[in-house]
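Working notes, structure below.
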Amino acid sequence: MNGLLYKFLRWCPGASGLLLRQKLYPRLFGSCGSGLLCGRFVDVVHPERITLGSNVIINDYVRLSAASVNGRESYITLDNNVFIGVGCILQAQGQSITIKVGASLGSYCLVTAETSSVTIGTSTLLAAYGSIGVPVDLEGMVEVSMVGDQERRHISPTVIGDGCWLGVRAEISAGVLIEDGCIVGAHADVRSDLPSNVVAIGRPATILRARQTRPNELETA
83 MNGLLYKFLR
93 WCPGASGLLL
103 RQKLYPRLFG
113 SCGSGLLCGR
123 FVDVVHPERI
133 TLGSNVIIND
143 YVRLSAASVN
153 GRESYITLDN
163 NVFIGVGCIL
173 QAQGQSITIK
183 VGASLGSYCL
193 VTAETSSVTI
203 GTSTLLAAYG
213 SIGVPVDLEG
223 MVEVSMVGDQ
233 ERRHISPTVI
243 GDGCWLGVRA
253 EISAGVLIED
263 GCIVGAHADV
273 RSDLPSNVVA
283 IGRPATILRA
293 RQTRPNELET
303 A
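What the sequence shown shows, in our numbering, is residues 83 to 303, in sequence order.
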């Protein structure tokens, strides 16, 4: 896409701008399904390595970056019906970010894939100002190898399972596995794995209790 056209579309306000971006922005990306809604002032770095499903919503001031690092290519995949809130940053730096069907990121969230890939599961909700994948030293999870004279750090993939709820300003460190159905409280700092269907709170986060699920109201006695 022509640079001047991209700058115009990035700025263009109102319903006309929304419609123009819906029609023309799919040409930017490596692959894009139907029904894209994209707000104003969205920054895209290496869009050819970004894949969007159908009915993806990307709000104003979002940054999607799939930049290469030390020769390692980065990829971002947003599956069908993914919602990205205002001011979010998805920053893949030599790793991949995958957000699965129906997942939702609230405003001003940060998802970074620098030392490990990041996967956010189906229908998982991350509330505003949350962060996922920020590198920290995690005992027993970090492996160090030498490539020439350079030190390279490897940790397990960062994975948030399906149907999780992560509260406001929750922080999920790189290399952490949160299994399906977990609830993470507001301001929690998760630095170790969580099993499925638990409620975790605190800094650092600890398990408060098992998550209570409602019985199937359609089930007959």
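Even for Gly, the Cβ is constructed at its ideal location relative to N, Cα and C.
- Assignment of Tyr-107 by DSSP, reduced to helix, strand and coil, places it in the helix class.
- For Leu-248, the three-state secondary structure derived from DSSP is strand.
- In this chain, the beta strand (DSSP E) harbouring Leu-160 covers 157 to 160.
- CA-CA distance, Trp-93 to Tyr-107, rounds to 13 Å.
- In this structure, DSSP gives Ala-97 a helical state, which the three-state scheme calls helix.
- Judged by DSSP secondary structure, Gly-215 falls within the beta strand (DSSP E) whose first and last residues are 213 to 216.
- The C-alpha of Leu-172 lies about 6 Å from the C-alpha of Leu-192.
- In the three-state DSSP reduction, Leu-86 falls in the helix class (H, G or I).
- Going by DSSP, Glu-196 is part of no beta strand (DSSP E) at all; its letter is neither H nor E.
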